[in-house]
Amino acid sequence: MAKKILVSAGKPPLSGHKRKPCAGAHSEANTTGSRCHCSKRRKNRVKTTVRVPAVSAKIADIPPDEYSWRKYGQKPIKGSPYPRGYYKCSTVRGCPARKHVERALDDPAMLVVTYEGEHRHSPGPMPMPMAPSPVPMPMGAPVAVASVSAGNGHV
1 MAKKILVSAG KPPLSGHKRK PCAGAHSEAN TTGSRCHCSK RRKNRVKTTV RVPAVSAKIA
61 DIPPDEYSWR KYGQKPIKGS PYPRGYYKCS TVRGCPARKH VERALDDPAM LVVTYEGEHR
121 HSPGPMPMPM APSPVPMPMG APVAVASVSA GNGHV
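For the sequence shown, UniProt numbering begins at 1 and goes up steadily by one.
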């Protein structure tokens, strides 16, 4: 009699760790110690969606709010020509708040911002508006210099 040997397609074996069963009430059918089939914690997070006017034509330019955000990803959205940007709160390390930003399909001048999770801190200082960057001058271009007189010495 031949033994059947299952061969993996180059993937590592699954971890031997089992998930903890959740504290929720379950049917008697799930008392065998198998994994819990409850939804994940992130699905229970508070979600708030707002529509705000777009700051510019670039998706990377997100409207400012009272927190600092760090972009950690971007994904194309099925059925939309615009990608969705994913951001984490960077005001305080370890804050679980996140948001994702995408252009509205019905009005590309509007952004749909979905906040997920709650901040574990008070808002930080408002970010300073960025000053316009100086226009680079070509090498050898004449430079106008204005001189300011300190006065003629008369009182």
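Beta carbons are placed, not taken as given, at the ideal position from N, Cα and C, and that holds for glycine. Because the structure is a prediction, the values reported are computed rather than measured.
Handout entry: Residue closest to Gly-73, alpha-carbon to alpha-carbon, out of Pro-64, Arg-98, Val-92
Key = Taking the first residue of the sequence shown as position 1, residue 73 is located at position 73. Cα-wise, what sits closest to Gly-73 is Arg-98.
Exercise for the section: Give the range of the beta strand (DSSP E) segment to which Tyr-87 is assigned. Expected result: Against the sequence shown, residue 87 aligns to sequence position 87. Where Tyr-87 is concerned, the enclosing beta strand (DSSP E) stretches over 83 to 89.
Problem - Short Cβ contact (8 Å threshold) for Ile-62 with Glu-102 - result: Here the question's residue 62 lines up with position 62 in the sequence shown. Here the question's residue 102 lines up with position 102 in the sequence shown. Result no, Cβ atoms of Ile-62 and Glu-102 do not sit closer than 8 Å.
Practice task
Compare the Cα-Cα distances from Pro-53 to each of Asp-65, Val-46, Lys-47 and report the closest residue.
Solution key: Walking along the sequence shown from the start, residue 53 turns up at place 53. Selected option, being the one with the closest Cα: Asp-65.
Exercise for the section: Output the residue ranges of the beta strand (DSSP E) runs that lie fully inside the UniProt domain "WRKY" (58 to 124) and measure 3 residues or longer, sorted by chain position. Expected result: 69 to 76, 83 to 89, 98 to 103, 110 to 116
Practice task
Spatial neighbours of Gly-10 within its chain, please: CB distance less than 8 Å, with the 5 preceding and 5 following residues excluded, ordered by chain position.
Solution key: Taking the first residue of the sequence shown as position 1, residue 10 is located at position 10. Caution applies to Gly-10, whose pLDDT of 48 falls short of 50 and renders its modelled position unreliable; the model cannot decide the point.
Handout entry: Cβ neighbour criterion (16 or more within 10 Å) applied to residue 188
Key = Nothing about residue 188 can be read from this structure; the chain reaches only from 1 to 155.
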